[in-house]
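Okay, so the sequence shown: first residue is 168 according to my numbering, each after it adds one. Built from N, CA and C at the ideal position, the CB exists for glycine as well. Shown next, in structure tokens, is the structure this report addresses.
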Amino acid sequence: MKIRVGWQIFLLIFLLLGILGFLAVRNEKFVKQLPPPTQLEEEIPSISQTELSRGWYFGTDLQKKPGTPANWIYTEAGRSSCWHEPELQCRF
Numbered sequence: 168m169k170i171r172v173g174w175q176i177f178l179l180i181f182l183l184l185g186i187l188g189f190l191a192v193r194n195e196k197f198v199k200q201l202p203p204p205t206q207l208e209e210e211i212p213s214i215s216q217t218e219l220s221r222g223w224y225f226g227t228d229l230q231k232k233p234g235t236p237a238n239w240i241y242t243e244a245g246r247s248s249c250w251h252e253p254e255l256q257c258r259f
């Protein structure tokens, strides 16, 4: 039994689409098992009165606390990164 090249290409594409469909369904089932993104992220507490009066607190650019004044500046310093008032520097 001889199959022409056109049918071979068709069967190959059909097989590849079947494999891709199987992988997509499997991936969807895996993703549904993951917890919602809010459970993966660290919950950041609001800025405290002590931090407000001090004028700074330690944290990365992704750890800006709710309630931080809009004019506060982020300074990158590795493990000592902080948010602070413009006229202050973080005290390490």
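The count of Cβ pairs closer than 8 Å, one atom from the region 213-230 and one from the region 193-200, stays below three, leaving the stretches out of contact. With a 10 Å radius around the Cβ and a threshold of 16 neighbouring Cβ atoms, Glu-243 comes out exposed.
In this chain, the beta strand (DSSP E) harbouring Trp-250 covers 249-251. When rounded, the separation of the alpha-carbon atoms in Gln-256 and Arg-193 is 51 Å. Taking C-beta separations shorter than 6 Å and ignoring five residues to either side along the sequence, Pro-236 has no partners in its chain. Assignment of beta-bridge partners to Phe-189 by DSSP yields no partner. The C-beta distance from Trp-239 to Glu-254 rounds to 11 Å, too long to meet the 8 Å contact threshold. Spatial neighbours of Gly-222 in its own chain (CB-CB distance under 7 Å, excluding positions within 5 residues in sequence) are listed in chain order as His-251, Glu-252 and Leu-255. The bridge partners DSSP lists for Trp-223 are His-251.
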